Amino acid sequence: MWGPTGGPGWQRNDPTVQAGRLAGNNTRLWVYSGNGTPSEIGQGSIPGQVIEQVVLQSNDAFKNAYTAAGGHNAVFNLDNNGVHSWGYWGAQLAAMKPDMQRTLGAGGGGQT
């Protein structure tokens with residue numbers, strides 16, 4: 001996505017490489033991934049199962065780097081189930097909405 005692995009664009013946009021910077025500037029983060037095991041939300045997606053296992057490893061590595069850098073302004077929701085699909089992402093977007101509204105200073109009384 002950001003060019004060759006290890007290239008300057010990749011390094012600049014890799015959150016694990018930039019964990020110290022994200023922790024240092026107190027960026028609010030919400031990180032989610034399942035573990036590749038489907039639930040009632042997203043059944044039958046074999047590619048989604050495989051991809052989410054890789055995503056979980058990546059998110060876990062980022063969590064470790066972020067907390068080691070002193071990061072404390074993040075929600076890490078690394079679930080016991082979930083595949084790479086919109087059913088899970090939509091549920092996470094709904095769950096993080098109040099936090100996002102607080103962070104952005106938006107009122108919670110508008111449309112959902």
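Every letter in the sequence shown is one number past the one before it in the UniProt record's numbering, and letter 32, counting from 1, is 32. In this text, a Cβ means the ideal position worked out from N, Cα and C, and glycines have one as well. Quantities reported herein were computed from a predicted structural model and do not represent experimental measurements.
- Collapsing the DSSP output to three states places N13 in a helix.
- Three or more beta-carbon pairs separated by less than 8 Å are not found between the segment 2–20 and the segment 38–54, which leaves the two stretches without contact.
- When beta bridges are read from the DSSP output, S33 appears opposite L78.
- By the CB criterion at 7 Å, K63 and F76 fall inside the cutoff.
- Counting every other CB atom within 10 Å of its CB across the protein chains shown gives H72 a total below 16, marking it as exposed.
- The C-alpha of G36 lies about 22 Å from the C-alpha of D14.
- Here P4 carries a coil assignment [DSSP, helix/strand/coil].
- For N59, the enclosing alpha helix (DSSP H) covers residues 46–68.
- Distance between G90 and G24, taken at the CA atoms: about 29 Å.
- Straight across, the Cα-Cα distance linking P38 with N80 is about 10 Å.
- Under the three-state reduction of DSSP output, P98 falls in the helix class.
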